[in-house]
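Residue numbers (the numbering used here), protein chains in the order written: chain C, 3 to 296; chain F, 6 to 314.
Backbone N, C-alpha and C define an ideal beta-carbon position, used for all residues, glycine too.
All of these numbers come straight from a predicted model, not from anything done at the bench.
Remarks on the structure that follows.
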Amino acid sequence: MVGVRAGKAHRDERIALVVLMSCSGIFVVAIALILGFLAFNGTELFWGDRYSLFSFLFSSDWDALNGHFGAAAFIAGSLVATGLAILIGGPLGVAIGVFFSELAPKRVASAFKPAIELLVGIPSVVYGWLGLTLLVPAIATTFHLPDGDSLLAAGIVLSIMILPTVISLSEDALRVVPVSLREGSAALGATRWETITRVLLPSASSGLAVAVILGVARAIGETLAVQLVLGNAAIFPTSLLQPAAALTSEIVMDMGDAPDGSGFKHALFSMALLLLLIAMGLILLIRFALRRRT
Amino acid sequence: MARALAATPAPTVEKLGGSSNARSRRIVDRIATALLWTAASLVVFLLLLFIGFEFVKGASTISWHFLTGSPTAAEAGGGVGPLIFNSFYILILTLIFTVPIAVCSGMYLQEYAAGGRFKDVVQFSAESLATVPSIVMGLFGLLVFVTAFHWHFTALGGALTLTLLNLPAMMRVTQEALAGVPGTYREASMGLGATKWQTVLKVILPSAIGPLTTGVVLVSGRIFGETAALIYTAGASVSYGRGAYDFNPFHTAETLAVGLYQVHREALVPDVDRIANGSALVLLVMVLVFNVVARVVGRQLTVRFTGKA
């Protein structure tokens, strides 16, 4: 009797392990398939349609219906909007992370933290709609523009959207700094601000870098929030106050209109592949930052 | 860490303790403290601003007719009932796929894998999957479910795309919930002669059920509002004429979030702003609901399964 039950338990154990490992394997298969499908469809423009990779990356001559697929304007739009988001949201997010890790009394933290979690939960399309109805008119009035749709609007919306990511990751990074370092610094007579800037931030630098990089990853892939406030003009951006387009916004706008098998559609897949490669590059960068720490 | 520290010049006593500038240092500290408080308050301010703004703009739209009525093609007065239904329908389909896979892989990584190549590969894959932008995932879904499988725009295709998009987050949630269970539970269970699987299934999982549920509901909130991945997989139109509430997973299923995008982009109805503001408010309120439910249910389950408050 005991033997039978032990045998069953043993069998269950092996089945469970196989099931759990298969489920984990799904992640590997999924990312491999995604990379494969996008690599195949995203390079069709260069293999099949013989369009030059150089023109795709560096020309801003986009006239998709007449075979001009220069995506430089969209690449620049994505980079500028993301850069702006990081310039605003990065320091602000780290500062708020510092606040939660070093300053916030328990009661204040427990009141503020749910607010951050709610900000994470707001759908991207709602951010876009808020940007369109709240921020875009404000920009138009402030800068006396006929229309407030602009890179500036996209950058501001994105900076708010990356805040929760940057805040919680930089707080985590600061919390793992040993208390003894804070005590040591205080014992040397440092004020709290001096301890933060000279001891804590340098010690947590790699964790903070990861926080900002993940902010970049979130911002560059963001689609609808950007599409709704950017104005969608396929022009190479020369001013923050002009309408522009980003890789993501152009894909979502045009995917439904591009005929199957056309160079137009292939170019959109190339843009998606580019986004995917950027995201993968950021992951490798994070791995590098974390390895440096240990 | 040690290297980062070594790179920073050690604060010397004169630098920090010189009494001549002690006052200015204290003032700098005060100002910095004030600024940090301001920065943190900004988050709360923004949230209240967004909610308040949408309430003012959208509250007048909300009516029983708006919440349950069907969208119209060109005349004013349409509702979003089928869209709300589709959002929940796709959410449930997504959860059916996501939760078992994510919980199993989370259990594997947290409880079984001690290290080694396979664990590394899975973890790296999950991290990579987590950074795939939602629109790129949508295009993958378009290539596979819509084009290769010839399903066209379907609720199922959308749900499977969202599954891929949310697996990493759900797995992390599982890992964190399991990591919160004290090691002594495992030791006690194994010490009583339970196998690893029996321990995981009967001791660890029930103890982690509270935080696990909280996490699952929070991720559900994000699935509910997902847009970019659905436009080219589940489609951007309601299946008109088939009855507003369509349970067929192989039919087009526009969700509320996609509807908000679509109504702004190409609707022919004259009351676009009314519908968009109403939809945005419903989406915001749903975020609040998911958050509250996550906490309340999580706490209840923790109390029931572990006896801890």
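| Query | Result |
| --- | --- |
| Option nearest C:His268 by Cα separation, candidates C:Ile118, C:Gly72 and C:Arg16 | C:Gly72 |
| Per DSSP, cross-strand counterpart(s) of C:Gly233 | C:Ala246 |
| 8 Å contact criterion, which F:Pro173 and F:Leu217 should meet: CB distance rounded | Incorrect: roughly 16 Å between the Cβ atoms, too far for contact. |
| Proximity of F:Thr232 and F:Asn91 at Cβ, strictly below 7 Å | no |
| Chain C contacts from the region 57-74 of chain F (Cβ-Cβ distance under 9 Å) | Phe58, Glu59 and Lys62 |
| Contact between the region 17-30 of chain C and the region 119-130 of chain F (3+ Cβ pairs under 8 Å) | yes |
| Cβ neighbours of C:Leu287 in the same chain (closer than 6 Å, five flanking residues each side left out) | Ile215 |
| Simplified DSSP state of F:Val298, which is helix, strand or coil | helix |
| Interface residues of chain C facing F:Trp156 [CB-CB closer than 8 Å] | What F:Trp156 touches in chain C: nothing, since even the nearest Cβ is about 15 Å away. |
| Neighbour flag for C:Ala221 against chain F, beta carbons, 7 Å | no |
| Bounding residues of the alpha helix (DSSP H) (the contiguous stretch that carries F:Phe171) | According to the sequence provided, residue 171 of chain F is Asn. The question's Phe does not apply to it. From DSSP, the alpha helix (DSSP H) with F:Asn171 extends over Ala160 to Ala184. |
| Contacting residues, own chain, Cβ-Cβ under 6 Å from F:Leu98 (five flanking each side not counted) | Ala164 |
| Under the three-state DSSP convention, the category C:Ala18 falls into | helix |
| Selection of the region 25-44 of chain C by Cβ proximity to chain F, strictly under 7 Å | Cys25, Ser26, Ile28, Phe29, Val30, Ala32, Ile33, Ile36, Phe39, Leu40 and Asn43 |
| C-alpha distance - C:Gly38 paired with C:Ile169, whole-angstrom precision | 34 Å |
| Closest by C-alpha distance to F:Val48, when choosing among C:Trp195, C:Met163, C:Phe42 and C:Thr143 | C:Met163 |
| Residue-level contact to chain C via CB, F:Arg30, 7 Å cutoff | yes |
| Distance between F:Ser110 and F:Phe102 (C-alpha atoms, nearest Å) | 13 Å |
| Boundaries (first-last residue) of the alpha helix (DSSP H) holding F:Ser46 | Ala27 to Gly63 |
| Distance CB(C:Val231)-CB(C:Gly133) smaller than 7 Å | yes |
| Any 3 or more C-beta pairs closer than 8 Å across the region 93-109 of chain C and the region 192-205 of chain C | yes |
| Pick from F:Ala37, F:Pro138, F:Ala79 and F:Val149 that is closest to C:Phe42, judged by C-alpha positions | F:Val149 |
| Pick from C:Ser24, C:Gly186, C:Ala274 and C:Leu136 that is closest to F:Asn282, judged by C-alpha positions | C:Leu136 |
| C:Trp64 - DSSP class collapsed to helix/strand/coil | strand |
| is_contact[C:Gly91, chain F] using C-beta, thresh 7 Å | no |
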